[in-house]
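Below is one structure; the comments refer to it alone.
Numbering (my numbering), first residue to last: 2 to 428.
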């Protein structure tokens, strides 16, 4: 193991980590606008955190994998699809959600494969905040670094994976325990990359400044009501010493001299409330335009058809399809490593290239029109392909199998009835 390469990779990881940390902070609501928004002296500061970044990411996740992706055998082998479901059944149901969430937030996500204590094929989602892949010019992973801390231990531990072993180091690449061997014969990691520009092409980059602006304007509006933030106290006909000013700040009360000239009043900034609302609407419009989303709070006619809704979502649908392509790379790699596991552990030989992935988007579709098209095509379209076009069918193969079983039961029932009728005639 070349220590110089290890140190250079770790240095590159640390240089990029601050960027990824900033993205994570924004997702958690810790934006620059909220951190820097401070109270004026003697006044409370109400911070209105409008976390559009989280909202937009969750929307894209729900559109892409709100319905679980389904696997389809290109060779019509039902067993191979059942094997995939069986050997990943113990996984967390939100696993794919975490994969896509990290990919949308950072533009990069890692999925690390391992065999757990019970001998099951398992995977761990690792963000660029805790992982780093060292690759050659062709995108082949040569080494993978997993950085982590143990509970109640501030030491940074680094596990380095190559095509045979897992090496265990501390932050200075001193070996903390003996290396372990894994079964996969290659670095057991897949990478999901949303864009070639990686962290420079994310929702975070598109909406960060707009989100800050919206949070500041909203916070100012609330504080204007609660603290008269845009106002200055003016007085005439008297003079306050420092102690009186401090008492005024603390108790919000001033005892004026008993003279006609004495007066205390607010000098207000003449800012029209409509201007603030207009600015909010303008920034929100920019937000939805750049993110290719729509405002779901916008009022629509009660008789709006699903086709009309789909037309409004056309840009988001195109974006979701791009997300699905990036997600598919992870899913196909996952199947490839699962089949390596099955070959070694169970002596089962499957080819991952015989599997296709179908995303069951929850974007509204007009199934009535699709059904009419299928009907018109008649026997020119296979049943499997036809069923795959309908939004309410997640797994065409499972649907066909269920249909065949039901038809078989009906046929056997009719056969029994026919036998009964024959016996009655003989009697």
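Positions of the beta carbon are idealized from the N, C-alpha and C atoms, including for glycine.
query: Taking residue 53 as the reference, which of 37, 79, 72, 24 has the closest Cα?; result: 24
query: Using CA coordinates, which residue listed in 169, 192, 101 is at the minimum distance from residue 324?; result: 101
query: Buried or exposed: where does residue 149 fall if 16 or more other Cβ atoms within 10 Å of its Cβ makes it buried?; result: exposed
query: DSSP three-state call for residue 42: helix, strand or coil?; result: With a pLDDT of 48 at residue 42, under the threshold of 50, the modelled position of that residue is not reliable, and the figure given next carries that caveat. Residue state, collapsed to three classes: coil.
query: Taking the C-alpha atoms as reference points, what is the distance between residue 82 and residue 194?; result: 26 angstroms
query: To which residues does DSSP link residue 176 through a beta bridge?; result: 170
query: Using 10 angstroms around the beta-carbon of residue 363, count the other beta-carbons present and answer buried if the total reaches 16, otherwise exposed.; result: exposed
query: If you draw a straight line from the alpha carbon of residue 313 to that of residue 288, how long is it in whole angstroms?; result: 16 angstroms
query: In this structure, what does DSSP give as the bridge partners for residue 236?; result: 265
query: Taking just the CA atoms, how far does residue 159 sit from residue 178?; result: 11 angstroms
query: Is the beta carbon of residue 51 closer than 7 angstroms to that of residue 216?; result: yes
query: Roughly how many whole angstroms lie between the Cα atoms of residue 371 and residue 377?; result: 10 angstroms
query: Report yes if the CB atom of residue 339 is closer than 7 angstroms to the CB atom of residue 153, and no otherwise.; result: no
query: Going by DSSP, name the residue or residues bridged to residue 190.; result: 113
query: Is residue 71 helix, strand or coil when you go by DSSP?; result: strand
query: Counting along the chain, where does the beta strand (DSSP E) carrying residue 359 start and finish?; result: 356-359
query: Give the C-beta separation of residue 358 and residue 72 to the nearest angstrom, bearing in mind that I take them to be a contact with Cβ-Cβ under 8 angstroms.; result: 6 angstroms
query: Buried or exposed, going by whether 16 or more other CB atoms sit within 10 Å of the CB of residue 129?; result: buried
query: What's the C-alpha gap between residue 224 and residue 295?; result: 29 angstroms
query: Would you give the residue range spanned by the beta strand (DSSP E) that residue 343 belongs to?; result: Element bounds for residue 343: not the beta strand (DSSP E) but the alpha helix (DSSP H), 315-346.
query: Can you tell me which of the three DSSP states residue 182 falls into?; result: strand
query: So residue 174 and residue 4 are in contact, right, with Cβ under 8 angstroms, and what is the actual spacing, rounded?; result: 6 angstroms
query: What first and last residue would you give for the alpha helix (DSSP H) that runs through residue 97?; result: 96-107
query: Take residue 76 and list the residues in its own chain whose beta-carbon comes closer than 7 angstroms to its own, dropping the five residues that flank it on each side.; result: 355
query: What residue range is occupied by the uninterrupted beta strand (DSSP E) comprising residue 142?; result: 142-149
query: Pick out whichever of 91, 61, 189, 132 has its Cα sitting closest to the Cα of residue 21.; result: 132
query: Could you spell out the range, first to last residue, of the alpha helix (DSSP H) harbouring residue 65?; result: 53-66
query: Out of 157, 218, 329, 137, point me to the one whose CA is closest to residue 47's CA.; result: 218
query: Suppose the cutoff is 8 angstroms on Cβ atoms and the five residues either side in sequence are ignored; what does the same chain contact list for residue 208 look like?; result: 53, 54, 57, 288, 291, 292
query: Could you tell me the distance, in whole angstroms, from the CA atom of residue 466 to the CA atom of residue 276?; result: Any question about residue 466 goes unanswered here, given that the chain covers just 2 to 428.
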